[in-house]
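Some notes on the structure that comes next.
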Amino acid sequence: MLAGRTAAEHIQRNGLRPADIGCVPAAAGGPKGLALIPLDRRLFGVCGWLREVPLDLVGASIGAWRMFCAAQVDADAALARLSDGYVAQRYGRKPTPQEVSNECRQLARAVLGAAGWPALRDGASVLVLTTRARGVLQGPASRGAWATAALANALSRRRLAAHMERVVFVHGAPRVFDALRSPFDPFGLRVVPLTRANAEDALLASGSIPLVCDPVRNPAGAPRGDYWDGGLIDYHLLLPYHAPRHEAAPAGHKLVLYPHFVPHVTPGWFDKFLPWRRQARAHPWLSNMLLVAPSPALLARLPNGKLPDRQDFYRYGLDHAGRERDWRRAIGECERFADEVMQWLERPDPTALQPL
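Spelled out as structure tokens, the structure:
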């Protein structure tokens, strides 16, 4: 358990109850997100710890898919569809970007359910983060164009913003995640209503990896252009989690509960390759955050000693049954992680907290 300063002080003084939580973020990370679905079910399912709490659910890539499932009236069924569909993806030896996009579109449809727009529970606001191309990435972006963007990011995040714009598709009325009023960094901010007409494209765009997938072009109601993975800008969702006054928290803020697959927050996807930018330490935006992540001991019990990841598609190749078997085993092992987190949430021990 890791906590920002405000979150740690609140838990030490007041303990923790579901009503203290106002926002749940969900990171990009591809198959790694499968490890968190057992915990999602305990938080958002029919008897979930956060089931009756008004929440802002914000995500990028698989995180956006998880949070859209979490917002549904039947969250258990939606999360099962996501987990089963994600594990069941199958590709040939060298799939084209179009083939990968077609498979991912079917997965987005599974998240949305048979009706194309599921019943969403009262009090749940959903924020789907995407990246709109600009600069050298507009149009058919080549490997050279993406290399140019990566070099710009190595120089500074601000320079990367010349090639990318943040577009957030929103359903509901966010309460705690209050950064939608105006841009808060160089990537700008476009807010688009998330509707039946654009939900499939928004979810697909949020998980469309450059050079692996095709971009999503011109989602309904959004600025025209090519849309890519939201994790390019907001990989681990280092965002300004501002909050209104709240009587239960001494610092006046609702808390942010962040189920994560690593114990740190990396700003953008390109930053994971830059050791000096991989971890944001003691960042003021994380002050009211409680972050939970699997321990090294749990990871050691998983197949290959790690969480499922995108490289497994190459590692297992055409051994689809072997990959699916090991991914399902990893998800099953993460039931232990989910149980341990819930035990702590229901009876929080402040001495177990480490600084975030």
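Each number in this note's numbering comes from the position in the sequence shown (counting from 1) with 697 added on.
No residue lacks a Cβ here, since even glycine has one placed at the ideal position from N, Cα and C.
Give a single yes or no on whether residue i has its beta carbon closer than 6 Å to a heavy atom of the ligand MN.
i	result
Leu891	Ligands are entirely absent from the displayed structure, and the ligand MN is therefore not among its contents.
Does residue i come out as helix, strand or coil in the three-state DSSP assignment?
i	result
Tyr955	strand
Ile906	coil
Asp1046	coil
Ser798	helix
Ala946	At Ala946, the pLDDT of 43 sits below 50, so the modelled position is not reliable; the number obtained from the coordinates is stated separately. Of the three classes helix, strand and coil, the one that applies to Ala946 here is coil, per DSSP.
Asp968	helix
Gly928	helix
Gln1040	helix
Cys744	coil
Met764	helix
Ser839	coil
Ala803	Checking the displayed sequence, the identity of residue 803 turns out to be Gln instead of Ala. If DSSP states are grouped into helix, strand and coil, Gln803 belongs with the helices.
Leu999	coil
Val784	helix
Ala894	coil
Ala849	helix
Leu733	helix
Gln1008	coil
Arg778	helix
Gln1051	strand
Gln709	helix
Pro941	Confidence at Pro941 is low in this model, with a pLDDT of 46, below 50, so its placement is unreliable and the value that follows should be read with caution. Coil, per DSSP.
DSSP puts residue i in a beta bridge; with which residues?
i	result
Glu862	Arg829
Asp923	Arg914
Arg887	Val864
Ala723	Gly756
Leu988	Leu699, Tyr955
Pro728	Answer by DSSP bridge pairing: none, since Pro728 is not bridged.
Ile718	Leu952
Ala821	Leu752
Gln769	Leu817
Report the residue from the options whose alpha carbon sits nearest the alpha carbon of residue i.
i	options	result
Tyr932	Val959, Lys951, Arg914	Val959
Ile930	Phe967, Asp911, Leu901	Phe967
Pro735	Gly820, Ala777, Val867	Ala777
Lys729	Ala774, Gly820, Val953, Gly760	Gly760
Gly922	Gln803, Cys910, Glu706, Gln835	Gln835
Gly726	Arg1033, Gln1008, Leu848	Gln1008
Glu1037	Pro991, Ala997, Lys969	Pro991
Val865	Pro890, Asn850, Ala851	Pro890
Gln769	Leu747, Leu713, Pro815	Pro815
Gly1019	Gln786, Ala774, Gly813, Gly756	Gln786
Ala859	Ala774, Ala846, His868	Ala846
Val962	Leu935, Leu954, Arg806	Leu935
Val953	Tyr938, Ser839, Pro972	Tyr938
Arg818	His868, Val909, Gln709	His868
Asp911	Val833, Ala919, Pro920, Tyr924	Tyr924
Pro1000	Asn850, Cys1031, Ala979, Leu1015	Cys1031
Arg748	Ala842, Tyr1013, Ala716, His1017	Ala716
Gly885	Leu971, Arg831, Pro916, Gly712	Arg831
Ala732	Ala705, Pro1005, Phe1010	Pro1005
Ala724	Gln976, Val755, Gly1002	Val755
Asn915	Gly928, Ala894, Ile906, Ala775	Ala894
Tyr783	Thr793, Arg1044, Gln803	Gln803
Trp762	Leu852, Arg840, Gly927	Gly927
Ser839	Leu1050, Val909, Arg975	Val909
Ala774	Ala811, Leu752, His707	Ala811
Pro972	Ala842, Ala851, Val833	Ala851
Pro920	Ala805, Ile906, Arg863	Arg863
State the CB to CB distance for the pair residue i and residue j, rounded to an integer number of angstroms; the pair is presumed to be in contact (CB under 8 Å).
i	j	result
Val808	Met764	Not confirmed; about 10 Å, so no contact.
Ser758	Gly904	4 Å
Leu995	Phe1034	6 Å
Ala700	Leu1053	6 Å
Thr703	Ser879	That pair is no contact at about 23 Å.
Ile708	Pro1045	6 Å
Self-check item: Touching by the beta-carbon criterion (3+ pairs, under 8 Å), the region 708-724 and the region 871-883
Solution: Judged by Cβ distances under 8 Å, the region 708-724 makes contact with the region 871-883, as three or more pairs qualify.
Quiz item: Any contact of the region 724-742 with the region 792-807, i.e. 3+ C-beta pairs under 8 Å?
Solution: Verdict: no, contact absent.
Quiz item: Using 8 Å as the threshold, is the region 819-828 in touch with the region 895-902, meaning 3 or more CB pairs across them?
Solution: Cβ pair count under 8 Å is three or more, so yes.
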